[in-house]
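Written out below as structure tokens is the structure these notes cover.
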Amino acid sequence: MSKHSKSKHRVLGFISTSFSETAGLILPANALVPLTSQIFALNINIAPLGGLIIQKAGTYGITFNGNSSIPATFQIFAKDRLIASVSNLPESALTKVADITAYLAENEILYVKTADGITLSDANLTAARLH
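Have a look at this one:
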């Protein structure tokens, strides 16, 4: 059990993006993943180019899921600070990370970039403030 499993938390933002399963979206290396479809947002705004704009500073639990037709590495940033890098296994299209904890400042943008050129089917990013 992680140290945060007993902590109270409140999901403040959940955004996603989805593309045709057959075609996907081709993204070059170092591209911003266009996470702009608001699923849920409370005290968080959606960044126009993709990502979550944090409205209240604090420690957040962050999850990311991505689905790419080829092996891919995704990098999760807050402003210019790399928080995590995650890759899918060669035999799997799904990339998943759910155990990231980071302090995010007010008005800081949480976003995801590609480390490699990829074809993206879908992706989602969640931020939950830990109390």
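Quick note on this note's numbering: the sequence shown kicks off at 78 and runs consecutively.
Note that beta-carbon positions come from the ideal geometry of N, C-alpha and C, so glycine has one too.
Check                                                                                                                                                                    : Outcome
Roughly how many whole angstroms lie between the Cα atoms of Pro105 and Val189?                                                                                          : 13 Å
Evaluate Arg206 with the Cβ neighbour count: other Cβ atoms within 10 Å of its Cβ, from every protein chain shown; 16 or more gives buried, anything less gives exposed. : buried
At which residue ranges does the segment 118 to 189 contain complete beta strand (DSSP E) runs of 3 or more residues, listed in the order of the chain?                  : 121 to 123, 129 to 131, 135 to 145, 150 to 155, 158 to 164 and 171 to 181
Since Leu202 contacts Leu129 with CB under 8 Å, what's their CB separation in whole angstroms?                                                                           : 7 Å
In whole angstroms, give me the CA-to-CA distance for Ala200 and Ala134.                                                                                                 : 25 Å
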